[in-house]
Amino acid sequence: MSNLYSQRLIAHLQQIEQALPTFLPSKGTLQDTVIEAMSYACEGGGKRLRPVLLMEFCRLCCGDTARALPFAAAIEMIHSYSLVHDDLPCMDNSPLRRGKPSVHAAYGETMALLAGDALLNRAFEVMLNPCNAQAVPPVAVAQAAFILADRAGINGMIGGQVIDLQSEGEKIDAATLKALQEGKTAALIRAACQMGCIVGSGHDEKVKAADRFGYFLGLAFQVIDDILDVTSTEAQLGKPVGSDAENQKNTYVSLLGLEGASQLAKDYTENAKQALTVFGDDASDLHALANALLERVS
Ligand code: GRG
Numbered sequence: 450m451s452n453l454y455s456q457r458l459i460a461h462l463q464q465i466e467q468a469l470p471t472f473l474p475s476k477g478t479l480q481d482t483v484i485e486a487m488s489y490a491c492e493g494g495g496k497r498l499r500p501v502l503l504m505e506f507c508r509l510c511c512g513d514t515a516r517a518l519p520f521a522a523a524i525e526m527i528h529s530y531s532l533v534h535d536d537l538p539c540m541d542n543s544p545l546r547r548g549k550p551s552v553h554a555a556y557g558e559t560m561a562l563l564a565g566d567a568l569l570n571r572a573f574e575v576m577l578n579p580c581n582a583q584a585v586p587p588v589a590v591a592q593a594a595f596i597l598a599d600r601a602g603i604n605g606m607i608g609g610q611v612i613d614l615q616s617e618g619e620k621i622d623a624a625t626l627k628a629l630q631e632g633k634t635a636a637l638i639r640a641a642c643q644m645g646c647i648v649g650s651g652h653d654e655k656v657k658a659a660d661r662f663g664y665f666l667g668l669a670f671q672v673i674d675d676i677l678d679v680t681s682t683e684a685q686l687g688k689p690v691g692s693d694a695e696n697q698k699n700t701y702v703s704l705l706g707l708e709g710a711s712q713l714a715k716d717y718t719e720n721a722k723q724a725l726t727v728f729g730d731d732a733s734d735l736h737a738l739a740n741a742l743l744e745r746v747s
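If you're matching positions, the sequence shown starts at 450 in this note's numbering and goes up one per residue.
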């Protein structure tokens, strides 16, 4: 990820990589297979974009990033669970994720379903565990957990996925496509930015700015994802390419063409960077990240 992240963001990434396994359940019980599948789903290979954003916004609000780690781990667990379920035969039926067999291909469909469910629950266990979260004020813990529950649910990620699945094979208009992507992708990225500010005790103006940054960055991220599904390779992406067209999905490429989609990603990225004004020069790593995401190849 060195081409995506500055030194400071790489330091967050390293903290997350170290901490994440410690927040997963330990083996040595009757549930070892599902625990293994949970770890497999969360193992390296992903960009860790959401937890890195959470940690950086915590720092930008002068919070202690070590205290943000349970929240960073929780959002990565929810993201990982969504990928496990999205890959299932009843959804995208994808055999490959992050360059290796998807969880159902490695552990079977029922175990993948349960591992995803268990990751969702574990995320809340970790955030709400009085031992993990003791250094964060209880109101901030509740606010952060509420935001994640809301954005991962029907008002966000699951809501977007429902529109996505129900519109397969049908042509939808630009407003419906935007609602789909706001839910499926931008909701969790917004949550990461807001949660970081809340855990870092940032004031309201910063929480709102972080939310706006996450919203536009999330939309740009999805447009780029749509473009990569057409222009990239399986080796680069670590997952099958061309699946959007194969599954007759509505994407920004099918709606606007490659050039139109590319311009839209640039516009959203500009909006995202403008939202950072309140953080001043201290947000330079996030400006660089927004630019680097435009150029990403995986
Ligand atoms: C099935 C509960 C459920 C939700 C499905 C988020 C989602 C909704 C499905 C995942 C598939 C997908 C293409 C989502 C759009 C968001 C997106 C581009 C996810 C991939 O995120 P990256 O690129 O993944 O950050 P890594 O592997 O880097 O962590």
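We put the CB at the ideal spot given by N, CA and C, even for glycine.
Remember, it's a predicted structure, so these values are computed and weren't measured experimentally.
Nearest-angstrom beta carbon gap, residue j and residue i [assumed within contact, 8 angstroms]
i       : j       : result
Val-679 : Leu-707 : 7 angstroms
Ser-650 : Cys-510 : 6 angstroms
Ile-596 : Gln-643 : 6 angstroms
Phe-670 : Thr-634 : 6 angstroms
Ala-628 : Ile-673 : Not really, about 19 angstroms apart at Cβ, beyond 8 angstroms.
Phe-472 : Val-575 : 5 angstroms
DSSP-derived helix/strand/coil call for residue i
i       : result
Arg-546 : strand
Gly-706 : helix
Gln-480 : coil
Leu-597 : helix
Thr-634 : helix
Arg-457 : helix
Cys-539 : coil
Arg-497 : coil
Cβ-based burial, residue i [other Cβ within 10 Å; buried from 16]
i       : result
Ala-624 : exposed
Ala-584 : exposed
His-652 : exposed
Lys-476 : exposed
Val-702 : buried
Thr-718 : buried
Cys-646 : buried
Proximal residues to residue i (C-beta, below 8 angstroms), its chain only, five neighbours per side dropped
i       : result
Arg-497 : Met-450, Leu-462, Ile-465, Glu-466, Glu-525
Gln-480 : Pro-474
Own chain partners of residue i with C-beta closer than 6 angstroms, once the 5 adjacent residues on each side are dropped
i       : result
Ala-554 : Pro-544
His-534 : Gly-565
Gly-602 : none
Sequence-distant residues of its chain with Cβ nearer than 7 angstroms to residue i (five each side left out)
i       : result
Arg-639 : Arg-600, Asp-660, Gly-663, Tyr-664, Gly-667
Leu-563 : Val-483
CB contact below 9 angstroms: residue i versus chain D
i       : result
Leu-707 : Any reference to chain D falls outside this structure, which holds one protein chain only.
(message) Across the stretch 537 to 546 and the stretch 504 to 523, are there enough close Cβ pairs to call them in contact, namely three or more that are closer than 8 angstroms?
(response) Touching, no, given that fewer than three Cβ pairs across the two stretches are closer than 8 angstroms.
(message) With a threshold of 8 angstroms, are at least 3 pairs of Cβ atoms found where one atom belongs to the stretch 609 to 625 and the other to the stretch 559 to 575?
(response) Segments in contact, no.
(message) Whether or not the stretch 666 to 681 and the stretch 548 to 560 are in contact is what I'm after, with contact meaning three or more pairs of Cβ atoms, one per stretch, closer than 8 angstroms; do they touch?
(response) Not touching, per the Cβ criterion.
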